[in-house]
Amino acid sequence: MFGAWRQFGSFDTRVRLLLLNQFTIKLGFNMLMPYLAGHLTQGLGYAAWALALVLSVRNVSQRAMCLVGGGLADRFGCKGAIVAGCALRTAGFALLGVADSIPALVVASAATGFAGALFDPGVRTYLAGEAGERRAEAFGLFNVAGQAGLLLGPLAGLALSGADFRAVALTAAALFAALTVLQATALPACRAVPAVPEPAAGWRQVVRNRRLMVFAAAMTGAYVLPFQVYLALSLAMQHALAEEQDIGMGQMFALSALVVIAGQNRVTAWARGRWSPGRSLAWGLLVMGLAFVPLVVVASPAPAGFGGEELAETIGILPILLAAVLLALGTTLVCPFEMEVIVALARGRLVGTHYGLYATFSGVAITAGGLVTGAVWELAGRCGLARLPWAGLALLGVSCAAAVAVLDRAGLLRASGPQQGPGKVSAALTEG
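22 is the number of the first residue of the sequence shown in the working numbering; add one for each residue after it.
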């Protein structure tokens with residue numbers, strides 16, 4: 022942890038501002054979103070379908086519009102996209118706090134999602150260019166910053182929820198407003214890469230990048246599997262703990278975040294000294310797949326009365342917590358090197374648009390993977406096949422790991438043709 026702090030201090034002001042941006046974004050988001058469900062269903066009295074609509078609109082508006090956000094960052098500059106995204110999320114969170122009608126809540130949710138589609142590609146593109154040869158280290162810290170925000174955000178929201186949801190929402194909005202001002206005034210001016218085509222032309226150019234499309238497909242597991250902490254592992258925790266599910270979920274999220282915060286710096290340095298970016302991604306995916314093996318072996322909680330209720334619950338959640346830890350460990354291998362491959366496949370050009378397409382593809386994968394996992398879970402429950410969902414998830418991780426390993430060995434994850442070097446990419450992205 023202290024190594025990560027020292028590493029943070031070794032970067033220049035631009036990188037530190039971008040890492041602070043990521044921490045604040047995650048802090049503000051996780052301060053608010055965990056309590057939105059209770060606000061809509063209990064505070065405002067809406068049915069579950071309304072909650073599902075509001076949450077789905079946010080997810081779709083962010084994931085589906087990342088390609089647009091990335092193209093705008095390439096065309097008009099990363100800083101503008103970052104500042105606009107933070108400002109839009111300020112407005113979206115403020116509206117979530119005061120709105121009480123479905124149309125207003127949907128508009129607020131859409132604004133919140135599109136804000137992420139604006140600043141996420143911009144931040145990642147700017148960071149990729151500015152970090153240069155230290156890109157893996159920078160994105161490792163990027164993951165640490167996000168996990169720190171994920172860990173502290175719900176605690177901050179809980180402290181404010183004693184008042185009401187409006188206080189939580191307006192505090193989160195104020196946090197984003199302060200971040201908007203900071204990025205607008207302190208982040209150096211950012212400009213697009215010279216000779217960047219119009220967004221539509223850039224999108225067509227990126228879509229024709231077959232290597233990127235194949236890579237995105239092979240990386241499906243890198244998004245579907247970590248998402249299971251919200252879906253399959255959450256359902257398993259509910260089955261194991263019943264009324265105390267919230268306590269178990271809190272333990273699981275805290276443990277996952279602490280693994281990343283404490284171990285990311287060491288894992289990045291260790292992997293970078295031994296493997297190529299592609300091989301690191303393959304190993305990360307393999308670890309994510311193996312995370313579900315304990316649940317294949319122990320497919321259900323310990324039987325009632327086994328050594329007492331508390332011991333039965335403890336034994337029941339151990340494989341769930343182990344799965345969460347291994348998923349977190351897998352992300353420490355994936356996050357630092359994922360953007361390196363995207364920059365290489367983009368050959369240093371239209372990086373924001375390339376990442377935007379990749380993020381859009383990952384959003385589709387998460388949605389499809391969630392639907393399939395839910396269907397398999399229901400089928401397994403009806404047919405008494407408790408191990409089926411876990412075996413399927415483990416197989417997905419192993420298959421994606423093998424696919425990425427094959428692409429890496431074939432040289433398809435490295436740049437082909439002329440490429441801008443890290444210094445040139447940085448110069449093209451920033452000025453001042």
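All C-beta atoms in this analysis are idealised placements derived from N, C-alpha and C, irrespective of residue type, glycine included. Predicted model, so just to flag it, every value in this text is computed and none were measured.
Sequence-distant residues of the same chain with beta carbon closer than 6 Å to residue i, five excluded per side
i	result
Leu378	Leu88, Val227
Ala177	Met52
Tyr244	Ser383, Ala386, Ile387
Ala436	Ala365, Arg368
Gly351	Gly305, Val308, Met309
His60	Phe186
Same chain, Cβ closer than 7 Å to residue i, five either side skipped, listed in chain order
i	result
Gly413	Val397
Val19	Nothing can be reported for residue 19: it is not among the residues displayed for the chain, which extend from 22 to 453.
Val319	Pro340
Phe50	Gly174
Ser447	Here the model assigns Ser447 a pLDDT of 38, short of 50, so the residue's position is not dependable, and the following value carries that caveat. Around Ser447: Gly150, Glu151, Gly153.
Ala112	Ala132
Glu361	Arg156, Ala157, Pro298
Asp33	none
Pair within 7 Å by beta-carbon distance, residue i and residue j
i	j	result
Arg110	Phe248	no
Ile387	Tyr376	no
Val308	Leu347	yes
Pro209	Arg35	yes
Ala138	Gly90	yes
Ser277	Ala345	yes
Leu200	Lys47	no
Gly223	Gly92	yes
Leu117	Ala129	yes
Gly299	Asp429	yes
Arg156	Ala166	no
Thr146	Val372	yes
Met258	Gly269	yes
Phe313	Trp411	yes
Val189	Tyr56	yes
Phe135	Ser77	no
Val144	Asn42	yes
Leu256	Gly391	no
Phe186	Gly64	yes
Gly337	Ala261	yes
Ala349	Val280	yes
Phe160	Pro357	yes
Thr353	Arg84	no
Leu417	Gly242	yes
Which of helix, strand or coil DSSP assigns to residue i
i	result
Met273	helix
Asp121	coil
Trp411	helix
Tyr67	coil
Tyr147	helix
Ser297	coil
Leu434	coil
Val319	coil
Met86	coil
Leu258	Reading the sequence as shown, one finds Met at residue 258 and not Leu. Looking at Met258 - three-state DSSP - the assignment turns out to be helix.
Asn80	helix
Arg370	coil
Asn164	helix
Phe32	coil
Phe186	helix
Thr388	helix
Val59	A quick correction: the sequence has Gly, not Val, at residue 59. Looking at Gly59 - three-state DSSP - the assignment turns out to be helix.
Arg229	coil
Phe313	coil
Ala253	helix
Gly405	coil
Phe197	helix
Leu39	helix
Rounded Cβ spacing between residue i and residue j (contact assumed at less than 8 Å)
i	j	result
Cys107	Gln204	6 Å
Leu306	Val427	Not a contact, Cβ separation roughly 12 Å.
Leu72	Ala58	6 Å
Ala180	Phe114	At roughly 17 Å, the Cβ-Cβ gap does not stay under 8 Å, so Ala180 and Phe114 are not in contact.
Cys421	Met234	Actually they are not in contact, since the Cβ atoms of Cys421 and Met234 sit about 15 Å apart, beyond 8 Å.
Spatial neighbours of residue i in its chain, beta-carbon cut-off 8 Å, leaving aside the 5 residues before and after
i	result
Phe29	Arg37, Leu40, Leu162
Leu342	Gln272, Met273, Leu276
Ile282	Met22, Ala25, Val165, Gln168, Ala169, Leu172
Thr206	none
Gly432	none
Val250	Met273, Phe274, Ser277, Ala345, Leu348
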